[in-house]
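S.K.: Counting from 1 along the sequence shown, just add 82 to a position and that's the residue number in our numbering. All C-beta atoms in this analysis are idealised placements derived from N, C-alpha and C, irrespective of residue type, glycine included.
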Amino acid sequence: MKVDLNSLNNSDPLSHRGEPTALFDLSFVKNAVVDLKLKPENKVILVRGTNGKTSTCFFLDSIIRRNKLSSICFTSPHMHTPNERILLNGVNLAMKDFFHYEKKISRYEKRKCKRKFTYFEAVFLICLFANIKNKPDYLILEAGLGGPKDATAAVSFDLLVLTSIGLDHQLFLGETKEQILMSKMSDIQDVETITLIENKKYAYLNSKNIRYIENYHSDPDFLSKNKNLAEGVARHLGLEVKKINTTVSGRFQILRKKPLLVLDGAHNPEGLRYLHKYIKKFEIKKALIGMRNGKLKDCRCAIDEFGFEKIAWCNLPKPWQSDVPLGHWSHLKTDSEILEWILADEDCIVFGSLYLASKILKMLKVKN
C-alpha cells in the first residue's frame with residue numbers, strides 16, 4: 083500500500099485510540115515488548131518527575147549528540163504531529179516509519195490482545211521499534227505519570243533521572259509531594275538516580291542510590307535548573323558538556339516580542355509559581371488560561387499571585403475535558419475570539435496546559 087505522506091503529516095494515525103490515558107496495565111506492555119522482540123540493548127536513561135521532564139530529555143539528548151553519539155529521545159506530548167514524540171538523532175521520526183510501526187502494533191493487537199494499546203503505550207512501542215531498527219548509543223525515555231506502572235517501566239533502564247516534584251495527578255499518585263515522590267520511585271532499588279538538589283529535602287530518598295545536582299548558574303534562564311540536571315547527568319556519563327542551545331516548544335516560548343506574547347505549558351501550582359517568578363519582571367497584566375478538569379482548584383492561588391488585570395478562559399482541544407472557568411473571567415468559545423484576545427496590541431501570556439499550547443501553535447500556523 084502506498085502511503086500518502088502529505089495526508090499523514092496533517093493527521094494523526096493514532097487518533098482512533100482516543101484520549102491518551104494511562105490504564106496502568108504494565109504486564110500488557112511487557113508482554114508486547116517480549117513478543118515483538120523490542121527489548122533495548124543500548125544504554126537506557128529514564129526521566130521521571132512532575133515538571134521539567136521534557137526539557138531535561140531534550141537537553142541531555144543534545145549533549146549526547148554533541149559528543150558524536152547517536153540517540154533516540156522519547157517525550158510527550160507533541161505540539162503538532164505525533165512523530166515529534168520520537169527524536170532520532172535530533173530529528174522527528176519520519177512519519178512513514180511512524181505509520182509503519184503503528185501498523186505492526188495493530189496487527190499484533192488483532193492477533194494477541196484483548197484491548198487496544200492506549201495512545202501513550204502505542205507511541206512508546208513505536209519508539210522501541212525505532213530503537214531496535216536504528217541501534218543508537220542511547221535511548222532516553224520520558225515517563226508519563228511515572229512509577230512502576232507507567233508504560234516506560236516495561237523495559238529495564240541503566241540510569242534514572244528525577245526532576246522536580248509537584249502536586250499533579252493526585253488521583254493516581256497521592257495527595258502530598260512526599261506521596262507523589264514515593265509513587266514515582268517505589269520500584270527503584272539499586273538503580274543509580276541523579277536528581278536536583280531541591281529534592282534532598284525528601285527523607286524517602288535517603289535509602290536510594292542518589293546523586294544530587296546543584297543549580298550553579300548565577301544568572302539563570304527559565305529552564306536553567308533542567309539544563310543543570312542534564313549537564314550533571316552528562317558528566318556522570320563521562321561526556322563533555324558543551325553549551326546547550328536547544329529550545330523547547332511550549333515552554334516559555336516567546337511568540338511575539340512587541341507587544342510580548344508568551345506561551346507556556348505550566349499546569350500545576352509548582353509550575354505556575356516557577357513561571358511567575360521568572361516573568362514578574364515583564365509585568366504582564368493579561369492572560370489566556372485553559373486547564374483540564376479538576377486542575378483549576380489546585381492552581382487558583384498560584385494564578386492569583388500573578389496579579390492579572392484581564393483573564394480569559396478557553397476550552398482545551400478534544401478529547402480533553404476542560405475545567406469550568408471562574409464566573410468573572412471572559413470565556414472565549416471560538417478560535418476567532420481566542421486569536422483576537424492573544425493578538426491584541428498588549429502583552430499577554432497563555433498557560434494552563436501543554437494541550438492548550440499545542441492548540442495555540444496550530445491556530446497561529448493556520449492564520450499565517
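Taking 8 Å as the CB-CB limit, is LEU142 close to chain B?
M.R.: This model lacks chain B altogether; it includes just one protein chain.
S.K.: Based on Cα-Cα distance, which residue from ARG355, ALA426 and ARG189 lies nearest to SER246?
M.R.: The shortest C-alpha separation from SER246 is found at ARG355.
S.K.: Where does PHE408 land, buried or exposed, given buried means 16+ other C-beta within 10 angstroms?
M.R.: Residue 408 is actually Leu in this sequence, not Phe. The residue in question, LEU408, is exposed, as its Cβ has fewer than 16 Cβ neighbours within 10 Å.
S.K.: Which residues share a DSSP beta bridge with ALA394?
M.R.: Bridge partners of ALA394: LEU370 and SER412.
S.K.: Here's the rule: buried if 16 or more other CB atoms are within 10 angstroms of the residue's CB, otherwise exposed. What is PHE364?
M.R.: Exposed, by the Cβ-count rule.
S.K.: By a C-beta neighbour count over all protein chains shown, 10 Å radius and 16 as the cutoff for buried, is ARG167 buried or exposed?
M.R.: Buried, by the Cβ-count rule.
S.K.: Rounded to the nearest angstrom, how far is the Cβ of ASP346 from that of ILE431, given a contact under 8 Å?
M.R.: Indeed, because the Cβ distance is near 7 Å, the residues count as touching under 8 Å.
S.K.: Beta carbon of SER435, beta carbon of HIS349: below 8 Å?
M.R.: Yes; because the gap between Cβ atoms is below 8 Å, this pair is in contact.
S.K.: Would you mind reading off the limits of the alpha helix (DSSP H) that contains GLU322?
M.R.: First-last for GLU322: undefined, no H or E at that position.
S.K.: In whole angstroms, what separates the C-alpha of VAL111 from that of PHE199?
M.R.: Cα to Cα, VAL111 sits roughly 8 Å from PHE199.
S.K.: What's the C-alpha gap between PHE140 and LYS362?
M.R.: Going by the C-alpha atoms only, they are around 26 Å apart.
S.K.: Tell me ASN450's beta-bridge partners as DSSP assigns them.
M.R.: Answer by DSSP bridge pairing: none, since ASN450 is not bridged.
S.K.: Let me check understanding here. Comparing Cα to Cα, which of GLU352, ASN291 and LEU398 lies closest to ARG382?
M.R.: Answer by Cα proximity: GLU352.
S.K.: DSSP has LEU169 in a bridge; who is on the other side?
M.R.: Partner(s): CYS155 and ASN174.
S.K.: Can you tell me which of LEU287, ASN375 and LYS231 puts its alpha carbon nearest to the alpha carbon of ASP250?
M.R.: Comparing Cα positions, the closest option is ASN375.
S.K.: Could you check what DSSP says for LYS282 in three-state terms: helix, strand or coil?
M.R.: The answer is helix: DSSP assigns LYS282 an H, G or I state.
S.K.: Give the secondary structure of SER238 by DSSP, where H, G and I count as helix, E and B as strand, and everything else as coil.
M.R.: If DSSP states are grouped into helix, strand and coil, SER238 belongs with coil.
S.K.: Determine which residues share a DSSP beta bridge with ILE431 and list them.
M.R.: The partner list for ILE431 (beta bridge, DSSP) reads VAL344 and ALA369.
S.K.: Identify whether TYR437 lies in helix, strand or coil by the three-state DSSP scheme.
M.R.: The answer is helix: DSSP assigns TYR437 an H, G or I state.
S.K.: Closest by CA to VAL273, which one among PHE239, TYR298 and GLU391?
M.R.: For VAL273, the nearest C-alpha among the options comes from PHE239.
S.K.: Leaving out five residues before and five after SER404 in sequence, what residues of the same chain have Cβ atoms less than 6 Å from its Cβ?
M.R.: The residues are ASN397 and LEU398.
S.K.: With distances taken from CA atoms, which of ALA384, LYS150 and PHE388 is nearest LYS367?
M.R.: With distances taken between Cα atoms, LYS367 lies closest to PHE388.
S.K.: Hey, how far is the Cα of SER440 from the Cα of GLY332?
M.R.: Rounded to the nearest angstrom, the two C-alpha atoms are 7 Å apart.
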